[in-house]
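A.B. asks:
Number of protein chains: 2
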Amino acid sequence: MDYDFSDIRAYIQVVENGGINAAASRLNVSKSQLSARVARLESELHVKLLHRSPRGVALTDAGQRFYEHMRDVLARMQQAVDDVSGEESGQIVGSLRIAAPMTFGTAYLGPLLYAFMREHPALDLSLDLDDRYVDILSGGYDLGVRIGRLYDSSLMARRIAASRRVLVCSPEYAQRNGVPETIEDIRQHDCICYGSASVAPYWQFVPQEEGEAPRQIVVRGRVHLNNGESMRDAAIAGLGIAALPMFIAAPALRDHKLIELLPESPLTADTIYAVYPQTRYVSRAVRALIDTLVADFEHTPPWERDNLRGKPNTIGSIDVKSR
Amino acid sequence: MDYDFSDIRAYIQVVENGGINAAASRLNVSKSQLSARVARLESELHVKLLHRSPRGVALTDAGQRFYEHMRDVLARMQQAVDDVSGEESGQIVGSLRIAAPMTFGTAYLGPLLYAFMREHPALDLSLDLDDRYVDILSGGYDLGVRIGRLYDSSLMARRIAASRRVLVCSPEYAQRNGVPETIEDIRQHDCICYGSASVAPYWQFVPQEEGEAPRQIVVRGRVHLNNGESMRDAAIAGLGIAALPMFIAAPALRDHKLIELLPESPLTADTIYAVYPQTRYVSRAVRALIDTLVADFEHTPPWERDNLRGKPNTIGSIDVKSR
DNA sequence: CTTGGGTGTTCGGCAATCGCAAACACCGAG
DNA sequence: CTCGGTGTTTGCGATTGCCGAACACCCAAG
Numbered sequence: 028m029d030y031d032f033s034d035i036r037a038y039i040q041v042v043e044n045g046g047i048n049a050a051a052s053r054l055n056v057s058k059s060q061l062s063a064r065v066a067r068l069e070s071e072l073h074v075k076l077l078h079r080s081p082r083g084v085a086l087t088d089a090g091q092r093f094y095e096h097m098r099d100v101l102a103r104m105q106q107a108v109d110d111v112s113g114e115e116s117g118q119i120v121g122s123l124r125i126a127a128p129m130t131f132g133t134a135y136l137g138p139l140l141y142a143f144m145r146e147h148p149a150l151d152l153s154l155d156l157d158d159r160y161v162d163i164l165s166g167g168y169d170l171g172v173r174i175g176r177l178y179d180s181s182l183m184a185r186r187i188a189a190s191r192r193v194l195v196c197s198p199e200y201a202q203r204n205g206v207p208e209t210i211e212d213i214r215q216h217d218c219i220c221y222g223s224a225s226v227a228p229y230w231q232f233v234p235q236e237e238g239e240a241p242r243q244i245v246v247r248g249r250v251h252l253n254n255g256e257s258m259r260d261a262a263i264a265g266l267g268i269a270a271l272p273m274f275i276a277a278p279a280l281r282d283h284k285l286i287e288l289l290p291e292s293p294l295t296a297d298t299i300y301a302v303y304p305q306t307r308y309v310s311r312a313v314r315a316l317i318d319t320l321v322a323d324f325e326h327t328p329p330w331e332r333d334n335l336r337g338k339p340n341t342i343g344s345i346d347v348k349s350r
Numbered sequence: 028m029d030y031d032f033s034d035i036r037a038y039i040q041v042v043e044n045g046g047i048n049a050a051a052s053r054l055n056v057s058k059s060q061l062s063a064r065v066a067r068l069e070s071e072l073h074v075k076l077l078h079r080s081p082r083g084v085a086l087t088d089a090g091q092r093f094y095e096h097m098r099d100v101l102a103r104m105q106q107a108v109d110d111v112s113g114e115e116s117g118q119i120v121g122s123l124r125i126a127a128p129m130t131f132g133t134a135y136l137g138p139l140l141y142a143f144m145r146e147h148p149a150l151d152l153s154l155d156l157d158d159r160y161v162d163i164l165s166g167g168y169d170l171g172v173r174i175g176r177l178y179d180s181s182l183m184a185r186r187i188a189a190s191r192r193v194l195v196c197s198p199e200y201a202q203r204n205g206v207p208e209t210i211e212d213i214r215q216h217d218c219i220c221y222g223s224a225s226v227a228p229y230w231q232f233v234p235q236e237e238g239e240a241p242r243q244i245v246v247r248g249r250v251h252l253n254n255g256e257s258m259r260d261a262a263i264a265g266l267g268i269a270a271l272p273m274f275i276a277a278p279a280l281r282d283h284k285l286i287e288l289l290p291e292s293p294l295t296a297d298t299i300y301a302v303y304p305q306t307r308y309v310s311r312a313v314r315a316l317i318d319t320l321v322a323d324f325e326h327t328p329p330w331e332r333d334n335l336r337g338k339p340n341t342i343g344s345i346d347v348k349s350r
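Protein sequences, first through last, are from chains A and B. When we follow our numbering, the leftmost residue of the first sequence carries the number 28, and every step to the right adds one. When we follow our numbering, the leftmost residue of the second sequence carries the number 28, and every step to the right adds one.
(1) With a threshold of 8 Å, establish whether the CB of B/Ser112 neighbours any heavy atom of the ligand ZN.
(2) Does the distance from the CB of B/Leu361 to the CB of B/Leu123 come in under 9 Å?
(3) Taking only beta-carbon positions, decide if A/Gln235 is within less than 9 Å of chain B.
(4) Starting from B/Leu61, follow its DSSP beta bridges and name the residues at the other end.
(5) Considering just the uninterrupted stretch of the beta strand (DSSP E) at A/Leu152, what are its terminal residues?
(6) Whose CA, out of A/Tyr308, A/Gln305, A/Thr298, lies closest to the CA of A/Glu325?
(7) Assuming contact is defined by CB atoms lying nearer than 9 Å, are B/Gln215 and B/Pro207 in contact in what I supplied?
(8) Tell whether a beta-carbon distance below 9 Å holds between B/Arg176 and B/Val321.
(9) Taking a cut of 9 Å between CB atoms, which residues from the segment 110-130 of chain A lie near chain B?
(10) DSSP on B/His326, reduced to helix/strand/coil?
(11) Who are the neighbours of A/Arg203 on chain B, taking C-beta pairs under 9 Å?
(12) Per the DSSP calculation, B/Arg173 is bridged to which residue(s)?
(13) From the beta carbon of A/Asp179, is the nearest beta carbon of chain B less than 9 Å away?
(14) Is any beta-carbon of chain B found at less than 9 Å from that of A/Met104?
(15) Which residue from B/Glu43, B/Arg92, B/Arg307 puts its Cα closest to that of A/Arg311?
(16) Between the alpha carbons of A/Glu237 and A/Gln231, how many angstroms are there, rounded?
(17) Just the Cα atoms here: how many angstroms apart are B/Phe274 and B/Thr327?
(18) Can you pull out the residues from the segment 63-88 of chain A whose beta carbon lies closer than 7 Å to at least one beta carbon of chain B?
(19) Could you check what DSSP says for B/Leu136 in three-state terms: helix, strand or coil?
(20) If we define contact as Cβ-Cβ less than 9 Å, is B/Lys348 a contact residue for chain A?
(21) Name the DSSP beta bridge partners of A/Ile125, please?
(22) For the segment 287-321 of chain A, enumerate the residues whose C-beta is nearer than 8 Å to any C-beta of chain B, in chain order.
(23) For the alpha helix (DSSP H) containing B/His96, name the first residue and the last one.
(24) Would you identify the three-state DSSP class for A/Gly337, choosing helix, strand or coil?
(25) Please confirm if B/Ser344 has its CB atom under 9 Å from at least one CB of chain A.
(26) Skipping 5 residues on each side, what residues in its chain have a beta carbon closer than 7 Å to that of A/Ser344?
(27) How is A/Phe32 classed by DSSP in three states: helix, strand or coil?
(28) Provide the residue(s) that pair with A/Glu287 in DSSP beta bridges, ordered along the chain.
(29) Quick one: residues in its chain with C-beta nearer than 8 Å to the C-beta of A/Arg350, no 5 flanking neighbours on either side, listed in chain order?
(30) Listing by chain order, which chain A residues have their CB less than 7 Å from the CB of B/Phe32?
(31) Can you tell me where the beta strand (DSSP E) holding A/Gly255 begins and where it ends?
(32) Taking only three categories from DSSP, how would you classify B/Tyr229?
(33) Contact between the segment 45-62 of chain A and the segment 90-104 of chain A is defined here as three or more beta-carbon pairs at a separation below 8 Å; is this criterion met?
(34) Going by the beta-carbon positions, is the gap between B/Ile35 and B/Leu68 smaller than 9 Å?
(35) Taking buried to mean at least 16 other C-beta atoms within 10 Å of its own C-beta, is B/Gln243 buried or exposed?
(36) Are B/Met144 and B/Leu136 close, meaning C-beta to C-beta below 9 Å?
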C-alpha cells in the first residue's frame, strides 16, 4: 500500500493530456520524470498501464480501469479535504451537484440556491433541471429534489415541504360551463390530466373525517399532458379543470388567470423531498443546504406566502362560491 | 489537490499508533519526521488535526473526520490496485467480505468458498454467517446471500439457484397419523411453522395449471420456530409436518429420518440470490465468485444431487472434488 | 528510398530535499 | 524538585529526485 502518490498523479496527468510529452510541457516538468514515474508505477503494480509507441501512448485495459479508479479516489480525497478545511472559519468549501424538476427548480430552488451560494463563497454548485426521472446515484449527484412518491430506497430522504394541490380552471371556462359544487360534479367537466391517456386518471381528495380512506374520483380527460406548466397553460386557455401543484398554480391564481375550485374539498397533498446518497459521510455542504431548504420551505413555502389566500374569488360579474 | 501523500500516511500512522513517538518507533523512522509531516499537512489543510500536549496527542474534531475519510480513501485505493494487479496472470487479488444465512452458509457456501480460495491464493476472505437480516451496505460487505424475497432495492442481485421446498414428516409420525393424500388433508395435521405464532401461517403450492394463482392453505401450527434446522429437528422428532427448504431437508431425507409428502403437489420455490452493492466498479473477486456460485448452483444445486444428499454439514472435503 | 518531426526512453551530473540524531521545551507524577 | 514521558527544533550528511541532452524508434511526406 505504499505507492508513491506522485507517481499516480503523474500517470493521471499523462492520461488526461494524451501523452507524456504533452503532459510534461503542460506541467512544466521534464518528460524523463513522467516517463520514469509511470514506469515505476507499472513495475509496482506489475501491470502495463500504457502501450507505448513512437506515435504516442494508448491505454491498456488495466490502464483504463486504473485511471478511472483513481479519478474516483481523487474525487473522494477532495471531498475529505473539503469536509475538513474551513472547519474553523465555519465556511463551507467544496462542490455540489443538484438535480431537480424543471418548474420547481427554476421557480423556487434557484433563488434559494443563489442566496445560499452568496452565503458560502467557497462553494461550487451545479444545478441540473430535468423533469424526467434522474438516477441520483449513477448520475453522480449529491442532492436531488423529488416530488410525490419515493421509489428509490437506496437514497436518504428528508421531507422539505408539503406540496398542496388545487383544482383550477380559467374564469372564462367557469363562466361558460359553471363550477362544480361537489366533488361528484367534477365528472360533468372536462379535465386536464397528467400522464398518458392510456391510464385512467383519478383525483384523490382528503377524507372528510379523520381516519377515513381518501375519496377518489375517476375523471374524464380531454387533454393529457406530462408537464405541470403545460397543464397550467391549458387550464388558462380554458380547456378544462386541472389539478395543479400550488407551486405551479400560485402565480396564475394571483393574476386571476386561474380560479380555485372547491377550496373546501382539498386534494391530497404531495410531499417534496430532498434525497441524497447514503454514504458514510454526508458532506457539510449537503447538510447545510438541506437545512436551508427545510428552514425556508417546511412551514410556509414561498408559493403559499402570497397574498392570494384572502382575496375573494370574484371574477367579473360571476360570483364563484368561496367557502 | 497536490498534497504529499506520505504526509497523509504519516498522519494515519500517528493516529493509529496513538502518538508520534509510538508511531515513529513502530515504523522505524525518526519522530522529527513524523512531527514535521503532520505539521505540514495541517498547514496545507489550514486545520489543526491534533491537539498536542506533553501527555500525548488527541484528535481534534476535524482530525477525527479526516482520519476516517482517509481510511476510506485508502481502502478505495487498495481496491483499485487489487482490481488492476494480477491482471495479466489472471489471478485475483484482494479481499472479500461475505454475509450469508447460517445453514446455507455452513452447508453449501462454505465448501464452495474454500475451493474458490484454493483457486485464488492471493484472495483474502471473511465469511459472516447470521440468520438475521444484515445490511450489506452499512455492514461493509462485498457480497451477501439472500433467500426468498429481496427487500433492498439499493443492491444488485443475481439469481444463483432455486430453493425447492418440500413437505416432510418423520416416518414414525406418518405411521401414527397417516399421510395427507391431498393438500386439503394437511389441515387435519399438526404443522411445524416458521416464524412467530401471532401471524397465521400459510403454505403456498404451485398452481395445477399454468397461469393460475398459487393455491394457499392456512395450516394449524403447534410448533413455531424461526430457524430452519430447528424445524427439521422438530419434524424428525415427530412433532408434525414441516415445509422445509430442500437444502435443509436433503440429508435427513437421504437417511430416511424424514419422508417427503405429497411430492406431486410441490410448494412454491424460493429463489436464492447473491446481492452486492451497486458501485461503479464491481471487483473482479465479486464477479468471479458470483460466476462460480451460479455455475455450481444454478442448474442442479448440490442438495439436489443424489450422491451429495449425505451430510452436507460436514464442512469441506466432499463437495470440493465434485467440482 | 530518404528524411524530418513526432513519439517515449536512457544517462550523467548537479543540488535540493529528506531524514536522522541529538538537544530542547514542556508538563505531570512521584 | 526531579524524573520520565510527551512533541518540537536544529544542524549536518547523503540519498533522492530532477533536469536536459542524447538516443532509439516509427510513421508520413517528399
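No residue lacks a Cβ here, since even glycine has one placed at the ideal position from N, Cα and C. In this text the structure is predicted, and so the values were computed from the model without any measurement.
C.D. replies: According to the structure data:
(1) This structure does not include the ligand ZN; it has no bound ligands of any sort.
(2) Absent from the model: residue 361 of chain B. The displayed extent of chain B is 28 to 350, so no value can be given.
(3) Here residue 235 of chain A refers to the residue found at position 208 of the first sequence. Put simply, the CB of A/Gln235 is far from chain B, with every gap to its CB atoms at 9 Å or more.
(4) Here residue 61 of chain B refers to the residue found at position 34 of the second sequence. Its beta-bridge partners do not exist; DSSP assigns none.
(5) As a first step, residue 152 of chain A is located in the first sequence; it is residue number 125 there, counting from the start. Residues 150-156.
(6) Translated into the one-based positions of the first sequence, residue 325 of chain A becomes position 298. In terms of Cα proximity to A/Glu325, the closest of A/Tyr308, A/Gln305, A/Thr298 is A/Thr298.
(7) Start at 1 with the first residue of the second sequence, and residue 215 of chain B comes out as number 188. Start at 1 with the first residue of the second sequence, and residue 207 of chain B comes out as number 180. Result yes, Cβ atoms of B/Gln215 and B/Pro207 sit closer than 9 Å.
(8) The residue you call residue 176 of chain B lines up with position 149 of the second sequence. The residue you call residue 321 of chain B lines up with position 294 of the second sequence. Contact annotation: B/Arg176 and B/Val321 have beta-carbon atoms that are not nearer than 9 Å.
(9) Cβ contacts with chain B: Asp110, Val111, Ser112, Gly113, Glu114, Glu115, Ser116.
(10) To locate residue 326 of chain B, count along the second sequence from 1; it is residue 299. The answer is coil: DSSP assigns B/His326 none of H, G, I, E or B.
(11) Walking along the first sequence from the start, residue 203 of chain A turns up at place 176. Result: empty, since nearest Cβ-Cβ is about 48 Å, beyond 9 Å.
(12) The residue given as residue 173 of chain B occupies position 146 in the second sequence. Answer is B/Tyr300.
(13) Looking up residue 179 of chain A in the first sequence gives position 152. With its beta carbon less than 9 Å from one in chain B, A/Asp179 belongs to the interface.
(14) Here residue 104 of chain A refers to the residue found at position 77 of the first sequence. So, interface residue.
(15) Numbered from its first residue, the first sequence carries residue 311 of chain A at position 284. Taking only the C-alpha atoms, the option nearest A/Arg311 is B/Arg92.
(16) If you number the first sequence from 1, residue 237 of chain A lands on position 210. If you number the first sequence from 1, residue 231 of chain A lands on position 204. Cα-Cα distance, rounded: 15 Å.
(17) Along the second sequence, read from residue 1 onward, the residue named residue 274 of chain B stands at position 247. Along the second sequence, read from residue 1 onward, the residue named residue 327 of chain B stands at position 300. Take the alpha-carbon of B/Phe274 and the one of B/Thr327: they are about 12 Å apart.
(18) Under the 7 Å Cβ criterion, the segment 63-88 of chain A contributes Leu72, His73, Val74.
(19) For this step, residue 136 of chain B is matched to residue 109 along the second sequence. Helix at B/Leu136.
(20) One-based indexing of the second sequence puts residue 348 of chain B at position 321. With a pLDDT of 33 at B/Lys348, under the threshold of 50, the modelled position of this residue cannot be trusted, and the question is left open.
(21) Within the first sequence, the letter at position 98 stands for residue 125 of chain A. The partner list for A/Ile125 (beta bridge, DSSP) reads A/Leu154, A/Leu170.
(22) Here the close residues are Gln305, Arg307, Tyr308.
(23) Here residue 96 of chain B refers to the residue found at position 69 when the second sequence is read from its first residue. Where B/His96 is concerned, the enclosing alpha helix (DSSP H) starts and stops at 88-111.
(24) Stepping through the first sequence from its first residue, residue 337 of chain A is reached at position 310. Note that A/Gly337 scores a pLDDT of 43, beneath 50, so its modelled location is shaky; the value from the coordinates is reported in the next line. Three-state DSSP puts A/Gly337 in coil, outside helix and strand.
(25) To locate residue 344 of chain B, count along the second sequence from 1; it is residue 317. With a pLDDT of 35 at B/Ser344, under the threshold of 50, the modelled position of that residue is not reliable, and no figure is offered here.
(26) Stepping through the first sequence from its first residue, residue 344 of chain A is reached at position 317. Its pLDDT being 38, under 50, A/Ser344 is placed unreliably by the model, and the measurement read from it follows with that caveat. None.
(27) Within the first sequence, numbered from 1, the residue matching residue 32 of chain A stands at position 5. Note: A/Phe32 maps to helix in three-state DSSP.
(28) Locating residue 287 of chain A in the first sequence gives position 260, counting from the first residue. Per DSSP, A/Val195.
(29) The residue given as residue 350 of chain A occupies position 323 in the first sequence. With a pLDDT of 33 at A/Arg350, under the threshold of 50, the modelled position of this residue cannot be trusted, and the question is left open.
(30) Position 5 of the second sequence holds residue 32 of chain B. The answer, in chain order, is Phe32.
(31) Position 228 of the first sequence holds residue 255 of chain A. In the DSSP assignment, A/Gly255 falls outside any beta strand (DSSP E) and lies within the alpha helix (DSSP H) extending over 255-263.
(32) The sequence position of residue 229 of chain B within the second sequence is 202, counting from 1. In the structure shown, B/Tyr229 sits in a strand (DSSP, three-state: E or B).
(33) No, because fewer than three Cβ pairs between the segment 45-62 of chain A and the segment 90-104 of chain A fall closer than 8 Å, the two stretches do not touch.
(34) Within the second sequence, the letter at position 8 stands for residue 35 of chain B. Within the second sequence, the letter at position 41 stands for residue 68 of chain B. Contact: yes.
(35) To locate residue 243 of chain B, count along the second sequence from 1; it is residue 216. B/Gln243 should be labelled exposed.
(36) Residue mapping note: residue 144 of chain B aligns to position 117 of the second sequence, counting from 1. Residue mapping note: residue 136 of chain B aligns to position 109 of the second sequence, counting from 1. Cβ distance not < 9 Å, so B/Met144 and B/Leu136 don't count as in contact.
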